[in-house]
Amino acid sequence: MQKYDVIVIGAGHNSVVCANYLARKGRSVLVLEQSDKLGGLASQREFHPGFSASIAHTIQHFSSKVAADLKLAKFGFKLPKSPLPTIGLNPDGVPIILDGFGASSTVEGVEEKDAQAYADYLKFMQVFVDMLKPFWLKTIPRIGPGSLGDLMTFAQLGLKMRALGRQDMGEFMRIATLPARDLMDENFDNDLLKAVLSWDGLIGSKMAPRSPNATVLNMLYKMSGAHDGGHCIPANGVEGLVKALHQSAVNQGVEFKLSSPVSRIVVEAGSQGMRATGVELQGGQTITADTVVSGADPKQTFFNMVGVENLEIQFTNRINRLRCDGYVAKLHLALDSLPKFKNLHHPQGRLIIAPSMDAIEFAYDHAKYGECSDNPVMEIVLPSLSDPSSAPEGKHTLSAHVMYVPHTVKGGWTKKARNTLYKRLIAMLENYAPGIKKQIIQSELLTPLDLEQQYNVTGGHWHHTEMAMDQMFMMRPTYEAAQYATPVPGLYLCGAGTHPGGGLMGAAGHNAARAILGAKVKS
């Protein structure tokens, strides 16, 4: 029987980050992946011969610390010097273009008043970004008596907040749970600018501009990367990050087994009670380990692999109540030439179709009731402009995140329902890029249900579970599992369902490895 120090379930980016850190400390590590590809939602998928894209089609805030620790540059990972411009498309006038990052960021297409307000807004938000940034890469302690390290983390957070000064600390407490609409209305007049700036706080969530909870916190979280929230596509694509993570891990001795789905986590009774001792693959093979780490979402981990018979009923109920409904569909188009968008010189950038916050809100209202909006909102990139390998020469790949598309639609995702949604999306694109329909060679539409089935993610939710105040920080995914250790001794979590959350950041994998190594030292 095979035996490892650590088995990691899943080969998403957080899992590979976690495995890499553990291997660097001398642990023998095996990564098991159900599919034949690494990277999870960041993996490259060929949807038509020669045309490919990733579900996660840009890199926004991958941790610079993780990249340096794992020496990813040595294995080909390099972000562009500047992020993609973010462009709010306007078929009836000039678009809004946000270019650059940090203090050098500029905005075009708005009145001078909003241009100045944009510069002031970035300075205002950056204060809070800098305050929170260190804590995305830390385990957030549980409330109550804790270790000296736990107390130090709380003390550091308190000092960071105190250092803001009375006025800024008050402002942070005010805006932390503010609806995106309120924050935008306070700062700007231009409706299109408001919609574009609110987008990153909403994408991937079950929230809209009027939703209170954590949209502003989500914005601050995503602004913590090297480009202050700017989106990038490396020259070798998002796949370049996946390959670098894999090669770095292999270089440290991590073993990978693809097409090896785990049917259950083995939990056995020992001298000190029940404990995770390994995994059983779907073919019946059992592999043992001192520690099992799951990169799968919490519901998949506890219900499908651990089993409720091995869990306390109140914990099971809390996991069952996690909100995991995906609201983003993915559209891929293989195009015979570069599309031309109205009033836009060149489509190199992240293109937003959301003319106002009302347009976003109305699309959300439909989704709440299991419907798809007649006027969907979406984010578009053409990966082939940055990564030539994603399309044949002279042709292009279009990749779009479509909000808000419910996981469970009225009447089910029938062929008719899919065709109706697809026609709406193409009609919307045609309004902004006339003639694009005739450029389409092939298309692929993935609903949240498809993402769930193909990527084994509950609800097709990008972030494994909603990033809301009651499911963040020391409550992510819930207490008794928010510090990466779980109620089952020997079992840890390292995926997007843990602190700090989803997106291509690597922090959850980093933090989980630190928690595991710390527990080893203590034992």
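For the sequence shown, numbering that gives the first Met the number 0 gives the first residue as 0, with consecutive numbering after it.
We put the beta carbon where it would ideally sit given N, CA and C, even for glycine.
In this text the structure is predicted, and so the values were computed from the model without any measurement.
Residue i, buried or exposed, once every other Cβ within 10 Å from all chains shown has been counted against 16
i    : result
T300 : buried
S81  : exposed
Q115 : exposed
L191 : buried
G269 : exposed
H462 : buried
M218 : buried
D386 : buried
Y368 : exposed
M468 : exposed
I318 : buried
V93  : exposed
G169 : exposed
A547 : Outside the modelled stretch of the chain, which goes from 0 to 522, sits residue 547, for which no answer is possible.
R320 : exposed
Cα-Cα separation between residue i and residue j, rounded to whole angstroms
i    : j    : result
G459 : V241 : 20 Å
A518 : G277 : 18 Å
S383 : S389 : 5 Å
A31  : V253 : The identity of residue 31 in the sequence shown is Leu, whereas the question assumes Ala. Their backbone Cα atoms lie some 11 Å apart in a straight line.
G411 : H509 : 39 Å
K521 : V404 : Any answer about K521 is weak, because its pLDDT of 37 lies below 50 and its placement is not dependable; what the coordinates show is given next. Each residue's alpha carbon lies about 46 Å from the other.
D98  : A362 : 27 Å
Y483 : T497 : 7 Å
V56  : V237 : For clarity, residue 56 is His in the given sequence; the question names Val instead. When rounded, the distance between both Cα atoms is 7 Å.
G505 : M124 : 23 Å
A507 : I174 : 25 Å
H540 : G87  : This structure gives no information on residue 540, because the portion of the chain shown stretches from 0 to 522.
Y120 : G282 : 55 Å
K256 : D364 : 43 Å
N189 : N89  : 12 Å
S293 : V456 : 13 Å
A248 : A18  : 7 Å
D35  : A102 : 43 Å
T407 : G325 : 9 Å
L428 : C371 : 16 Å
L424 : K437 : 14 Å
G393 : T85  : 24 Å
V7   : V291 : 6 Å
R165 : L158 : 12 Å
T419 : S62  : 39 Å
Q284 : N303 : 17 Å
P79  : A67  : 16 Å
A118 : E111 : 11 Å
S51  : A426 : 23 Å
V109 : T477 : 43 Å
T105 : N309 : 54 Å
D184 : M206 : 17 Å
6 Å CB neighbourhood of residue i in its chain, flanking five on each side removed
i    : result
K221 : Q59, H60, D199, G228
E479 : F314, P486
L381 : P346, H395, L397
F127 : F171, L219
K83  : Sequence inspection shows Leu at residue 83; the Lys mentioned does not correspond to that position. Contacts found: H230, G348, R349.
L337 : H395
E107 : I96
F100 : P82, H226, D227, G229
D4   : R26, S27, D289
Q1   : I286
A275 : I264, V266, V291, V487, G489, L490
Y421 : L444
M273 : V266
G501 : W461, H462, A495
Close-in-space but distant-in-sequence residues of the same chain around residue i (CB under 7 Å, 5 per side omitted)
i    : result
P178 : P208, R209, S210, P211, T214
L445 : A328, K329
F187 : D113, A116, K193
N430 : P90
Q453 : none
F472 : I139, H498
Beta-carbon separation (whole angstroms), residue i vs residue j, contact threshold 8 Å
i    : j    : result
A358 : A194 : 7 Å
H245 : V28  : Their Cβ separation, rounded to whole angstroms, is 13 Å, which puts H245 and V28 out of contact at 8 Å.
L71  : A225 : At roughly 12 Å, the Cβ-Cβ gap does not stay under 8 Å, so L71 and A225 are not in contact.
A10  : G38  : 7 Å
T138 : R475 : Not a contact, Cβ separation roughly 11 Å.
D335 : I202 : With 8 Å as the limit, D335 and I202 do not qualify as a contact, their Cβ atoms being about 29 Å apart.
A333 : H12  : Their Cβ separation, rounded to whole angstroms, is 26 Å, which puts A333 and H12 out of contact at 8 Å.
W135 : S223 : 6 Å
L516 : K64  : About 16 Å; that fails the 8 Å criterion.
8 Å Cβ shell around residue i - same chain, five flanking residues per side excluded
i    : result
P433 : K339, K341
L280 : L31, S259, P260, V261, S262, I286
Determine, using beta-carbon pairs with one atom in the stretch 481-500 and one in the stretch 344-363, whether at least three such pairs fall under 8 Å. Not touching, per the Cβ criterion.
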